[in-house]
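Take a look at the structure below.
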Amino acid sequence: MEKRMYFEARNLHKYYPGVHALNNVTIVADKGEVLGIIGINGAGKSTFMNALAGEICIDKGTYYIDGKETIIRNQNDSGKCRIALIHQEAVVFKDMTVAENIFIYNLNKYTKAGRIQYKRLFEDASKYLSMIGADIDPKEIVKNITIGEKQMIEIARALVRDAEIVLFDEPTSSLSLDEKENLFRIIGELKQKNKIVMYITHFIDEIMRICDRTVVMRDGCVTGEFLNEDVTTKELVTGIAGQEVETIVNATDKRDKEIVLKVENLNCYPVVRNVNFAVKKGEILGLWGLLGSGRTEIVRNILALDKPDSGIVYKRNNKGILEKISGHKLLEECAYVTEDRHLDGLFMQMPIWKNISMANLKKFEHFIMDEQKERDYALQMINEMQIKASDENVLVETLSGRNQQKVVMARSIGKNPDIFFIDEPTRGVDINAKSFIHKKIVELAECGCAIVMISSELEENLNLCDRVLIVRNGEIVAEVAKKDISKQKLMDLCQGIREEVKYE
Amino acid sequence: MNREVKIKNMKLAALNNAVYIFGILIIAVFSVMSPYFFTVTNATSILRASTLMLSIGIGMTFALIVGELDLSVGANCRFSASVCALLMVNYKWNPYLCMIMMPILGGLVGLVNGILVTRVKLNAWLVTLSMKLALVGIVVKLTNTVAINMPQEVLQFRNFKIFGLSSFIVFILVVMLIMQFVLKYTTFGRKIVAVGSNPNAASKLGLSVKNYKLAAFTISGIFAGLGGMLICINLGSVTRELGDGYEFTAVAAIVLGGVSLAGGEGSVFPKAFIGVLILTMIENGLTMIGADIYVFQIAKALIIFVMMYIDSKKNKI
Amino acid sequence: MNIKEYFTKKEKAFSNRKDKNFLLTSVILGVLFLVAIAIAKPQFYAFRNLSSILIQSSAVAIMAAGQIYVMVSGGIDLSIPSVMMLSGCIGAYTMRETENIMLGVLAIMMIAILLGLFNGFSVAKIGINPFVATMITMIFSNGLSLRVTKSTSIPVLPKFTELFGKYYGPFHANIIMMLVCLIILQFLLTKTAFGRSIYAIGTNEKTAQACGIKTGKIKIQVFLISGIMAGLAAIALTARISSSSLSLASDGTSLDVIAAAIVGGASIKGGVGTVLGALIGAFIINGLSNLLVLFGIDYYTIQIIKGAVFIFITWFDTIRANARRV
Chain A
6 MEKRMYFEAR
16 NLHKYYPGVH
26 ALNNVTIVAD
36 KGEVLGIIGI
46 NGAGKSTFMN
56 ALAGEICIDK
66 GTYYIDGKET
76 IIRNQNDSGK
86 CRIALIHQEA
96 VVFKDMTVAE
106 NIFIYNLNKY
116 TKAGRIQYKR
126 LFEDASKYLS
136 MIGADIDPKE
146 IVKNITIGEK
156 QMIEIARALV
166 RDAEIVLFDE
176 PTSSLSLDEK
186 ENLFRIIGEL
196 KQKNKIVMYI
206 THFIDEIMRI
216 CDRTVVMRDG
226 CVTGEFLNED
236 VTTKELVTGI
246 AGQEVETIVN
256 ATDKRDKEIV
266 LKVENLNCYP
276 VVRNVNFAVK
286 KGEILGLWGL
296 LGSGRTEIVR
306 NILALDKPDS
316 GIVYKRNNKG
326 ILEKISGHKL
336 LEECAYVTED
346 RHLDGLFMQM
356 PIWKNISMAN
366 LKKFEHFIMD
376 EQKERDYALQ
386 MINEMQIKAS
396 DENVLVETLS
406 GRNQQKVVMA
416 RSIGKNPDIF
426 FIDEPTRGVD
436 INAKSFIHKK
446 IVELAECGCA
456 IVMISSELEE
466 NLNLCDRVLI
476 VRNGEIVAEV
486 AKKDISKQKL
496 MDLCQGIREE
506 VKYE
Chain B
356 MNREVKIKNM
366 KLAALNNAVY
376 IFGILIIAVF
386 SVMSPYFFTV
396 TNATSILRAS
406 TLMLSIGIGM
416 TFALIVGELD
426 LSVGANCRFS
436 ASVCALLMVN
446 YKWNPYLCMI
456 MMPILGGLVG
466 LVNGILVTRV
476 KLNAWLVTLS
486 MKLALVGIVV
496 KLTNTVAINM
506 PQEVLQFRNF
516 KIFGLSSFIV
526 FILVVMLIMQ
536 FVLKYTTFGR
546 KIVAVGSNPN
556 AASKLGLSVK
566 NYKLAAFTIS
576 GIFAGLGGML
586 ICINLGSVTR
596 ELGDGYEFTA
606 VAAIVLGGVS
616 LAGGEGSVFP
626 KAFIGVLILT
636 MIENGLTMIG
646 ADIYVFQIAK
656 ALIIFVMMYI
666 DSKKNKI
Chain C
797 MNIKEYFTKK
807 EKAFSNRKDK
817 NFLLTSVILG
827 VLFLVAIAIA
837 KPQFYAFRNL
847 SSILIQSSAV
857 AIMAAGQIYV
867 MVSGGIDLSI
877 PSVMMLSGCI
887 GAYTMRETEN
897 IMLGVLAIMM
907 IAILLGLFNG
917 FSVAKIGINP
927 FVATMITMIF
937 SNGLSLRVTK
947 STSIPVLPKF
957 TELFGKYYGP
967 FHANIIMMLV
977 CLIILQFLLT
987 KTAFGRSIYA
997 IGTNEKTAQA
1007 CGIKTGKIKI
1017 QVFLISGIMA
1027 GLAAIALTAR
1037 ISSSSLSLAS
1047 DGTSLDVIAA
1057 AIVGGASIKG
1067 GVGTVLGALI
1077 GAFIINGLSN
1087 LLVLFGIDYY
1097 TIQIIKGAVF
1107 IFITWFDTIR
1117 ANARRV
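Protein chains in written order, with the working numbering: chain A, 6 to 509; chain B, 356 to 672; chain C, 797 to 1122.
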């Protein structure tokens, strides 16, 4: 008979169309404990916290608070359970003052004869803010404060509501060093007051520093649980990124190949800073870094999807000379796979064949669109990419995650590009499809295509890349050649001391 | 707060206060073009003329702040005023009762709009445009476009004067201040601002976005009806011109004053008030110099366009 | 074999449709309604009546075609009837002053194109919400029309009416214009890369951008098309009634055009709709008005009913969109 914890979530399941977001998740925590939840994007960590906070409702499973079965279906329920969530992106009202934001739940307590007593509101806000060491003017309008300060509002809100269970969802991605230290101090105090703290992050140093126990999540499941004092960094990393599977290895030497893409002085303050790099023909270049390091923004700036402040991009033209090229033209000529296929990777309500030809309309257009040619090509791609669909008419939204990702790849491969930008090629895709996609990437490289790959999975970088650029705060801080790439080196390099950064 | 944010704030403050400069410019231009413009009589006249638009503007400010738009206010005003006027004149109902019923009827129409938008989840623009069509049709059927003249019980309010101004003018000014108080000093008002400022955040925190929007539509309707009541006192009759295009004038006015079409930002006083005042001055001035009606229409379109343009630049500062 | 294959393919495609229940129900209800009309007011089906409905709905159909383009791309254009009215009035004015039909037509098209471009730039370059941007154009056009007409009606030159407003054999000029417009626009929308891009933008603008589609440029072109359609509708309408005045476009016309587009398949959410649907939608909307007139219902009651019907159509659009989702 195991000891009952103060808080237990048992056998939680949550389904979204095509995704099993929470798969038999059981997580428990006791008073005075700081529980870390770690895992890559899409692992289900935020979904878990959103469920606890009542913002979404689980399909199956039970919660137990202090031994009693509890129902949490909405924010009222979670409020009664004294659960507070500090969101990844601060939930604040930019047109109102800091104080109003903090007390938005309890404004009634400050009204006398229907009139809000602002003086008292501001005073109390100051009190709570100084409790958490935040030097913010409570009268300030929220749109003028920094991201770190916005987060302080959420923490103050949690204190005001006297929360027993405080959930932090990736709180440090945009914090300065001082703000981070302050946050850790607050968490330490919460622990002393015997509250439960759950802390989502994928920074291993933070886990090691403040958490007592850690739960590892992957693809909606809990894949491991460790007492921090028992575990080493290496074991944690493996838990997150998966086993060191020796699958496809990209073997050829690319040193003598010619440069096909060169990026010079790319700047988009503050997310992209002075980025310079070049890619060779047939090379697979990895952009490695942690969440928020700016990798996606770098690629978007190169392709002019976001407007850069400055920077020149060169592409090798037919005559073999590096020619200046605009982002729009580059986007036309190259292939680009985005990070989130649900957001901007696919046309969900359209059939497979329309999705595949959309990035390459010119190929099928001879004054009018050659629909037959498009469909034939789609069927060919369905075959080649082993997409499981009855025919090309199947709507993409009904496909499974791995097949959707294959459709996105097929669309890009169909362009026969010289340069291929891929952002998280195997996000939300199972093991088998992963190695299939990796195989395709290597095939492309062998045919001479230069590949710029953003990936948060260590094994992808280790196995596929010829070179890896380490990105931190929008800058390229290091370059690692194939022979020097190792897990430890990559983790070390991106966890170095971070400079002070404040941005909106 | 660092230096960049301070500079940004200064630029924004400059833009926000530009409307006052524009107001002064308007006064200057019209004063030059006509000797009768810059007189006390005219000022009173402008104030009197602005009461209707002010009432509609108050209601519309609440709607805009919460992030929605009600384009049926003009038709609603005419409808509420006409129905109650008919009851008063043709069916001999108690005139005082009928006057009070105008904002109530307006509120009911607003409620219907609100339910269609928040419960049936239809697009607010399309719903309120249809409502406008239907309401005008009903009014014409009921009144045969004949003007309805107010009885003495209504007209007498014109003669009560407080501080030298007619009672209805003082009335709406007081109501305006009360509504600004509601917006700034009551929990209800603050939650409306919250919902309009960030509806996603509001629903994440458990605020009922639906209900606050419903309330805003109802308020918009109430003030449309109230405007009708004011016109009855001011002009002494309900005519077929009542309400025509008022929604666009109101939008132009409060957008000029600084209420944001995107939601969350703005105030009844001073922003909506200034906007309404300036627009009324423009209409007054144009009539005074003998310009055609169409000039005012085009001015409205231009004002909304310029304010939207400035808005888009604001985001890039 | 070819015909059999074709029908089997169509049948399979239909049974795969998620919203087939919705579609079937709509069609069945529609048929029932048509039968009810046949019983209650058989004169509705008289050839003369039907062809008169068709002719009267041609202007709305042309405008609805433009509206569909805008709606497929995810936007909306509230100004189409007002632009039509303004360009028609300016055209008539020009013709009266210059006695020249060519100049009149030129004036109509230029105004329509200019305002269409203005809408496009407001939405695509400045980033104004399409409702607000086209509302601005609508207020402006209504105001300027007031000036041009001075609240009276301006007759058009008789030769103009002969060219664009009379019968060529059995076919009315308006219908010919409508069919030509609709066929060209339908073709552009469904068969070309340009049309495909428009659907893409309406389905998911961010994905379209990531695919390299120049969304800004296409949005401007789409509003340009709706402007051109407004101009063409002006030519057709003013020629047919031989004059232009403020009655060309009322508050109801804007809703008529949107209603026709929605009934014809477009949705506020974007990404769906066909131009031929515009024709069907316009016919149905006009047919309804005609039917109500046959029942002896007066103009203003029809307006009230139209207001209610439009709310119903918006609701219908929401339900249809939900039926299409997984």
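Glycine included, C-beta positions come from ideal geometry on N, C-alpha and C. Model, not experiment: these values are computed from the prediction.
| said: Please classify residue 121 of chain A as buried or exposed, where buried requires at least 16 other C-beta atoms within 10 Å of its C-beta. | reply: buried
| query | Between residue 25 of chain A and chain B, is there a C-beta pair that is closer than 8 Å? | reply | no
| query | What are the residues that DSSP puts in a beta bridge with residue 116 of chain A? | reply | A/121
| query | On the three-state DSSP scale, how would you describe residue 478 of chain A? | reply | coil
| task | Within the stretch 1011–1056 of chain C, note down every full beta strand (DSSP E) run reaching 3 residues or more, in order along the chain. | result | none
| request: Starting from residue 53 of chain A, find everything on chain B with Cβ-Cβ shorter than 8 Å and list it in chain order. | output: Chain B residues near residue 53 of chain A: none, gap ~16 Å exceeds 8 Å.
| Interface flag, residue 942 of chain C vs chain B, CB-CB below 8 Å | yes
| said: List, in chain order, every chain A residue whose beta-carbon is nearer than 7 Å to that of residue 552 of chain B. | reply: 98, 99, 100 and 101
| When you check each C-beta in the stretch 935–964 of chain C against every C-beta of chain B, which residues fall closer than 7 Å? | 935, 936, 938, 939, 940, 942 and 943
| request: Using three-state DSSP, classify residue 394 of chain A as helix, strand or coil. | output: coil
| DSSP puts residue 315 of chain A in a beta bridge; with which residues? | A/272
| field | Sheet register partners of residue 206 of chain A (DSSP bridge) | value | A/43
| query | Is it true that the stretch 611–621 of chain B meets the stretch 906–919 of chain C, where meeting means three or more beta-carbon pairs spaced less than 8 Å apart? | reply | no
| said: Excluding the 5 residues flanking residue 890 of chain C on each side, which residues of the same chain have their C-beta closer than 6 Å to its C-beta? | reply: 899, 900 and 903
| Which whole-angstrom value is the C-beta distance of residue 920 of chain C and residue 1056 of chain C, which I expect to be below 8 Å? | Not a contact, Cβ separation roughly 25 Å.
| query | Secondary structure at residue 505 of chain B, three-state DSSP: helix, strand or coil? | reply | coil
| Euclidean distance between Cα positions of residue 341 of chain A and residue 365 of chain A | 12 Å
| Within chain B, partners of residue 923 of chain C - CB distance below 7 Å | 667
| message | Residues in the same chain with beta-carbon distance under 6 Å from residue 50 of chain A, minus the five sequence neighbours each way, listed in chain order, please. | response | 42, 44, 205 and 222
| message | Does chain A have any CB closer than 8 Å to the CB of residue 1117 of chain C? | response | no
| task | Please report how far the alpha carbon of residue 354 of chain A lies from the alpha carbon of residue 873 of chain C, in whole angstroms. | result | 24 Å
| said: I'd like the span of the beta strand (DSSP E) that includes residue 426 of chain A, first residue to last. | reply: 424–428
| task | Name the one or two DSSP bridge partners that residue 817 of chain C has. | result | According to DSSP, residue 817 of chain C bridges with nothing at all.
| What residues match up with residue 89 of chain A in a beta bridge as DSSP calls it? | A/171
| request: Note down the Cα distance separating residue 491 of chain B from residue 433 of chain B, rounded to an integer number of angstroms. | output: 8 Å
| With distances taken from CA atoms, which of C/1095, C/1112 and C/1020 is nearest residue 1065 of chain C? | C/1112
| message | Please classify residue 968 of chain C as buried or exposed, where buried requires at least 16 neighbouring CB atoms within 10 angstroms. | response | buried
| request: Please look up how many angstroms separate the CB atoms of residue 363 of chain A and residue 305 of chain A, rounded, as I've assumed it's under 8 Å. | output: With a Cβ gap of about 19 Å, residue 363 of chain A and residue 305 of chain A do not count as contacting.
| residue 502 of chain A at chain C interface by Cβ criterion, 8 Å | Here residue 502 of chain A scores only 37 on pLDDT, less than 50, and its place in the model should not be relied on; the value that follows carries that caveat. Answer no: the Cβ-Cβ gap between residue 502 of chain A and chain C never drops below 8 Å.
| task | Identify every residue that forms a DSSP beta bridge with residue 356 of chain A. | result | A/400
| query | Mind pulling the alpha helix (DSSP H) runs of 4 or more residues that sit fully within the stretch 985–1009 of chain C? | reply | 989–999 and 1001–1006
| message | Just list the residues that DSSP pairs residue 226 of chain A with in beta bridges. | response | A/223
| task | Output the residue ranges of the alpha helix (DSSP H) runs that lie fully inside the stretch 524–578 of chain B and measure 4 residues or longer, sorted by chain position. | result | 542–552 and 554–559
| field | Proximal residues of chain B, C-beta to C-beta of residue 1047 of chain C below 8 Å | value | 484, 487, 488 and 491
| field | The beta strand (DSSP E) enclosing residue 882 of chain C, as first and last residue numbers | value | Not the beta strand (DSSP E): residue 882 of chain C falls in the alpha helix (DSSP H), residues 876–894.
| task | Please go through the stretch 580–626 of chain B and give each complete alpha helix (DSSP H) segment of 4 or more residues, from N-terminal end onward. | result | 601–612
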